[in-house]
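Residue numbers (this note's numbering): 719 to 966. By construction, the Cβ of each residue, glycine as well, lies at the ideal position given by its N, Cα and C atoms. As the structure is a computational prediction, the values presented were derived from the model and not from experiment. Before any comments, here is the structure.
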Amino acid sequence: MKRTILCTMTAIFCGVTAWADDVRPPQVMVFGTATNEVVPDMMVWSLVVTNTGESLEKVAQRHSEVVAAVLTLLKDTKVPEETLQTARMEFGVNWTYRGNSWVREGYSASTRIAFKINDFGAYGALWMGLAKISEVSVESVSYDHSKRIDLRNETRAKALLAARKKATAMAEALGSKIGEPLLIEEDISVNEGVRQSAMSNFTEKSEPVREIESALAPGTIPIRARVKVAFRLVLEDQRRSNHAPHAN
């Protein structure tokens, strides 16, 4: 008998707990967005050095020479050493797809080189210097800002204020008010791929350096933020009850 009563009370308690979890206060959920257009002060470069040959030893030797030549060029053009990074250095069999099958054609070696510059005036000299090295490919050149984190924090704060403003307008349209925030989330995907490419400013390697520099137009880059916020929705009846005089 006691076991039956205990099981019954446990079932009732679990049911009440589950019901309490399902009961949520009235709320309004909104998205807030903000964009801050800033003039870039940094250019991000990504290079790939690749060479092939019949002898692995000669391929490796030539690759070392090319990488050294690239690093010397970057040093001569005053690229900050602290921004310079070499990665994914590898060599092996060179496979080429031909006639519906993969064909072995000697060996290959490759290295990726990344760096950043603050002097946009070095763009033309870098581009023309790299163009003289046939084993080098410019994978990407994009604009960025050295204080991106600080700017993103400022933009996020603006997005939160925009979310509050939107929620307030929506609630007032229905004769209600908003209370404290119940949920705050940031959509980090909005910041993906925001760097602006600089490669569209130059397509022909034969153009003079001065023409390349004069054609360079950094413009602005967007710093975006998007947040999702849920506010407690204070209904008209609740506001009246909160302000009603209490009897002694």
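Spatial neighbours of Glu-922 in its chain, beta-carbon cut-off 6 Å, leaving aside the 5 residues before and after: Confidence is the limiting factor: at Glu-922 the pLDDT is only 40, short of 50, which leaves the residue's position unreliable and the question unanswerable from this model.
Reduced DSSP secondary structure (H/G/I, E/B, other) of Thr-921: With a pLDDT of only 40 at Thr-921, under the threshold of 50, the placement of this residue in the model should not be trusted; the figure read from the coordinates follows. Three-state DSSP puts Thr-921 in coil, outside helix and strand.
If we ignore side chains and look at the alpha-carbon of each, how far apart do Val-952 and Ala-832 end up? 53 Å
Alpha carbon to alpha carbon, what distance is there between Arg-874 and Val-757? 18 Å
Inter-stretch contact at 8 Å, needing at least 3 Cβ pairs: the region 837-857 / the region 762-770: Touching, per the Cβ criterion.
Is the shortest distance between the beta-carbon of Asp-759 and the beta-carbons of chain C less than 7 Å? In the displayed structure, chain C is absent; only one protein chain is listed.
Examine the Cβ distances between the region 937-953 and the region 893-906 and report whether three or more of them are shorter than 8 Å. yes
Beta-carbon proximity of Gly-750 to Ala-935, cut-off 7 Å: no
Here's a check: name, in chain order, each residue in its chain whose Cβ is nearer than 6 Å to the Cβ of Ala-885, leaving out the five neighbours to either side. Val-746, Val-748, Ile-896, Phe-949
Taking Ser-828 as part of the beta strand (DSSP E), name the residues at either end of that continuous run. Annotation for Ser-828: the continuous beta strand (DSSP E) segment containing it runs 819-835.
Find the nearest neighbour of Asn-871 within the set Pro-743, Pro-744, Arg-742, Asn-754, judged by alpha-carbon distance. Asn-754
Under 7 Å Cβ to Cβ from Ser-918, same chain only, skipping five residues before and after it: list those, please. Confidence is the limiting factor: at Ser-918 the pLDDT is only 49, short of 50, which leaves the residue's position unreliable, though a coordinate-based value still follows. The answer is none, since no qualifying residue turns up.
Identified DSSP bridge partners for Ser-665: Beyond the ends of the chain as shown, which are 719 and 966, falls residue 665; an answer cannot be given.
Put Ala-943 into one of helix, strand or coil per three-state DSSP. Here Ala-943 carries a strand assignment [DSSP, helix/strand/coil].
Any idea what DSSP makes of Ile-851, helix, strand or coil? coil
Which residues in the same chain as Met-888 place their Cβ atom closer than 8 Å to its Cβ, once the five residues preceding and following it in sequence are excluded? Val-746, Val-748
Using the beta-carbon count (16 or more within 10 Å), is Trp-820 buried or exposed? When all chains shown are included, Trp-820 counts as exposed.
Using a 10 Å radius around the Cβ and a threshold of 16 neighbouring Cβ atoms, would you call Leu-901 buried or exposed? exposed
Pull up the CB-CB distance for Leu-848 and Leu-774, whole angstroms please, since I reckon it's below 8 Å. Not quite, the Cβ-Cβ distance comes to about 26 Å (not below 8 Å), so this is no contact.
On the DSSP letters alone, give me the boundaries of the beta strand (DSSP E) that Arg-742 sits inside. Premise fails: Arg-742 is in no beta strand (DSSP E) and is neither H nor E.
Output yes or no for whether 7 Å exceeds the beta carbon distance between Ile-835 and Val-797. yes
Arg-950 bridges to which residues according to DSSP? Gln-745
Short check: CB of Ser-864 to CB of Met-761, under 7 Å? no
Ser-773 (DSSP reduced to helix, strand or coil): coil
Leu-879 lies in the alpha helix (DSSP H); which residues open and close that run? 866-891
Nearest-angstrom Cα distance between Ser-924 and Leu-878? At Ser-924 the pLDDT is 42, less than 50, meaning the model places this residue with poor confidence; the figure from the coordinates comes in the next sentence. So the alpha carbons of these two residues sit roughly 49 Å apart.
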